Amino acid sequence: MAVRASNLSATFPSQCAAPLLAEILGVNQDAAKGQSIVSGDWALQDKHCKAAFDFELAESLPESVDQVYRAVHQLTGTTQCVILLADEQTGLYALLEDLQTPGGKVHELSGADDELLAERLNGSPVSQAYFLLENGQAGLVAIGGPRFSAQQQTLLDLLCPQLAAKLSRFMRLRQSQALPFVQGVVLELASRLVTAADRDAIVTAVLDILARRLGFDACQYVGFNPETGLGEVLYDARNTGSACKVTSYSHAGLEGKRRKIKEFSNLVGLLSSMARNRFYLHLNGKKLGDRTLGDIFGIRNIQSALLLPVVDLATGEIQGTFNLFHTSDALIGNESREASQEAAQLASQAISRALVLEKALAMASSDELTGLINRRGYYQRFESEIERARRHQTPLCVALMDVDHFKHFNDTYGHLSGDLVLRALAELFTQNLRRSDVICRFGGEEFAILLPDTSLKSAVELMDRLRQNVEALELNGFNGEPLKVTISVGVAAVNTLPKASPHRSEISDTLALADEQLYAAKNNGRNRVCFVSEQQEEHEASMSQAG
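All the letters of the sequence shown, read from the start, carry residue numbers -13 to 533 under the numbering used here.
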């Protein structure tokens, strides 16, 4: 919690304030500069209070804050002042200077005590007074300086109605400017979601905008598994100030790196129970029960959190949450909460549409015989994997494989035995590759595999192990006859440099390179793996033949 005292001595030097203070208090100028000497007429003090606040508030929020502080400073002759406004419904308060920008910092009301104010006013004795705005919102003005007499406290009390009137106008002005702020955040997100083709792009866009525009220090997207009740951190975002770095663990091969949140089912239950009143969970403070928020979510020094559900519009069930964190002492204000809720609703709609599209594409992109994706689905996944690899600068490799002498299989044992071989290979590939790897029946007896997060060296080693597993496979044909199966494989690395060629062109070029290596493997005796270097300079290297 950081209440900042506004030291205005540079802007409003005490030499300027002293004559006015002297006139109000009925003392000489020298006395007004130092000692707490008070005499004079309260009516005169009230008159000068009204005169000091007789100005039109500027349309600019920072300028209007300066005007208010100038008036208080001139009336009190102090160089230090704290003005805060409290929201009794949320139990939060904000310093006036932090309200200059929509989405500014807020603090817990329980922390605004005399000791803290004295500390923020450089240890000076504190005099303070309370006031109410026209909407019933409470405020506090505190000043530091020499010890104040009862009559000086009266002066502070007399300026409060004038201060309340100006701050009522200030809050109306701020509210009118807060709406465009929220709308700006939502419009930026909506424009990003128009081009977001899948869940990865959707979630990344939401986290990026919420962190940058609303100033959250860290953000997460957590997927909910209703069977286990656990949450898994699928995306993690950190705000560096000038940019937001989003790390994805959503890929099927990265399950081991995902942080598990055991309490997630309870949090989802809280969100569901509050759905009619407010569809978010606002956590103030460092703990939830007997555990710290940092321990629960795996982020150090969490001071406050906002959890927003992502709902499957088809079922109405919560499938995940956006978790937004402050690791500083700032809490979460109304504008940030409102903009975040709008963003989560947009994300729910976009993700639901993406799920429907994914299901439709899956039905249209499956090979009936093997259950693998077909060539159409492979190209679609290839495009998204290139985009992901270029965004995160991770390697990506392609393997094309062909069943050796497959026409002889069909001619000798019949097409039913040939189909049996293809199904057995599809099952073997699925069992021996990661869930993140994309396995495709490319056509006839040819298969294509996409290997994300895999270097060329690792891809070649993996494909050779797969070749050996195929060779060791014990199969019987449709009529019970034993079958011997081998494969030839060509491997190539995808160019994932940010300025590389467009996705479609890169797919064609890489597949052509892998196809050349596949033919090289066949021409050099089959049952082997050939590849091109990461620099795409053609050369081949035969792996050891069986036996």
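Note that the Cβ used here is the ideal one computed from N, Cα and C, for glycine as well.
None of these values were measured; they are calculated from a predicted model.
Between which two residues does the alpha helix (DSSP H) holding residue i run?
| i | result |
| --- | --- |
| PHE308 | It is not in any alpha helix (DSSP H) - PHE308 instead sits in the beta strand (DSSP E) that spans 304 to 312. |
| ARG451 | 442 to 457 |
| SER50 | 47 to 62 |
| TYR399 | 392 to 399 |
| ARG427 | Per DSSP, ARG427 belongs to no alpha helix (DSSP H); it is in the beta strand (DSSP E), 424 to 429. |
| HIS34 | 28 to 38 |
Where do the N-terminal and C-terminal ends of the beta strand (DSSP E) with residue i fall, by residue?
| i | result |
| --- | --- |
| GLU584 | Examination of residue 584 is not possible in this model, given that the chain is present from -13 through 533 alone. |
| GLU218 | 216 to 225 |
| PHE117 | 112 to 118 |
| PHE540 | Nothing can be reported for residue 540, as the shown portion of the chain is limited to -13 through 533. |
| ASP388 | 382 to 389 |
| PHE283 | Looking at the DSSP string, PHE283 is not in any beta strand (DSSP E); the run it does join, the alpha helix (DSSP H), is 279 to 283. |
| VAL208 | 204 to 211 |
With C-beta atoms as the reference, is residue i less than 8 Å away from residue j?
| i | j | result |
| --- | --- | --- |
| LEU107 | GLN66 | yes |
| ALA498 | GLY476 | no |
| SER50 | PHE156 | yes |
| ASP388 | ILE473 | yes |
| ASP203 | THR313 | yes |
| PHE428 | ARG361 | yes |
| LEU175 | ALA164 | no |
| PHE395 | SER403 | yes |
| LEU355 | LEU408 | yes |
| VAL112 | LEU103 | yes |
| LEU436 | PHE368 | yes |
| ALA412 | LEU358 | yes |
| ALA197 | ASN225 | yes |
| PHE311 | VAL254 | no |
| LYS243 | LEU216 | no |
| GLN335 | LEU293 | no |
| LEU173 | LEU332 | no |
| GLN31 | LEU142 | no |
| GLN206 | ASN309 | yes |
In angstroms, rounded to a whole number, what distance separates the CA positions of residue i and residue j?
| i | j | result |
| --- | --- | --- |
| LEU448 | THR307 | 36 Å |
| ARG490 | ILE282 | 43 Å |
| ALA375 | LEU267 | 34 Å |
| SER370 | SER251 | 31 Å |
| VAL515 | GLU460 | 21 Å |
| LEU78 | ALA128 | 18 Å |
| VAL171 | GLN379 | 28 Å |
| ALA80 | ASN270 | 15 Å |
| ALA183 | LEU341 | 11 Å |
| ARG56 | GLU105 | 22 Å |
| GLU122 | ALA72 | Inspection of the sequence shows that residue 122 is occupied by Gly rather than by Glu. Cα-Cα distance, rounded: 10 Å. |
| SER399 | SER177 | A small fix is needed here, since residue 399 is Tyr in this sequence, not Ser. So the two alpha carbons sit approximately 57 Å from each other. |
| GLU373 | TYR365 | 13 Å |
| THR181 | GLU218 | 26 Å |
| GLU432 | ALA445 | 18 Å |
| ALA532 | LEU504 | Note that ALA532 has pLDDT 38, beneath the 50 cutoff, so the model's placement of it is unreliable and the number below is only indicative. Each residue's Cα considered, the two are about 18 Å apart. |
| GLU328 | LEU193 | 13 Å |
| PRO48 | ASP84 | 9 Å |
| GLY201 | ASP315 | 13 Å |
| LEU70 | LEU82 | 5 Å |
| CYS383 | SER422 | 13 Å |
| LEU43 | VAL58 | 14 Å |
| GLN454 | LEU419 | 14 Å |
| SER236 | GLN305 | 14 Å |
| ARG185 | ILE337 | 6 Å |
| LEU145 | ALA38 | 9 Å |
| TRP28 | ASP52 | 26 Å |
On the criterion of 16 or more Cβ atoms from any shown chain inside 10 Å, does residue i qualify as buried, or is it exposed?
| i | result |
| --- | --- |
| PHE41 | exposed |
| LYS152 | buried |
| TYR534 | This structure leaves residue 534 out entirely; the chain is present only between -13 and 533. |
| GLY125 | buried |
| PHE517 | buried |
| PRO295 | buried |
| ASP390 | buried |
| ASN481 | buried |
| PRO438 | buried |
| GLU467 | exposed |
| GLY63 | buried |
| ARG286 | exposed |
| GLY430 | exposed |
| ARG451 | exposed |
| ASN513 | buried |
| GLU213 | exposed |
| LEU343 | exposed |
| GLN169 | exposed |
For the region 119 to 174, which segments carrying the beta strand (DSSP E) assignment without a break, of at least 3 residues, lie completely within its bounds, in sequence order? 124 to 130
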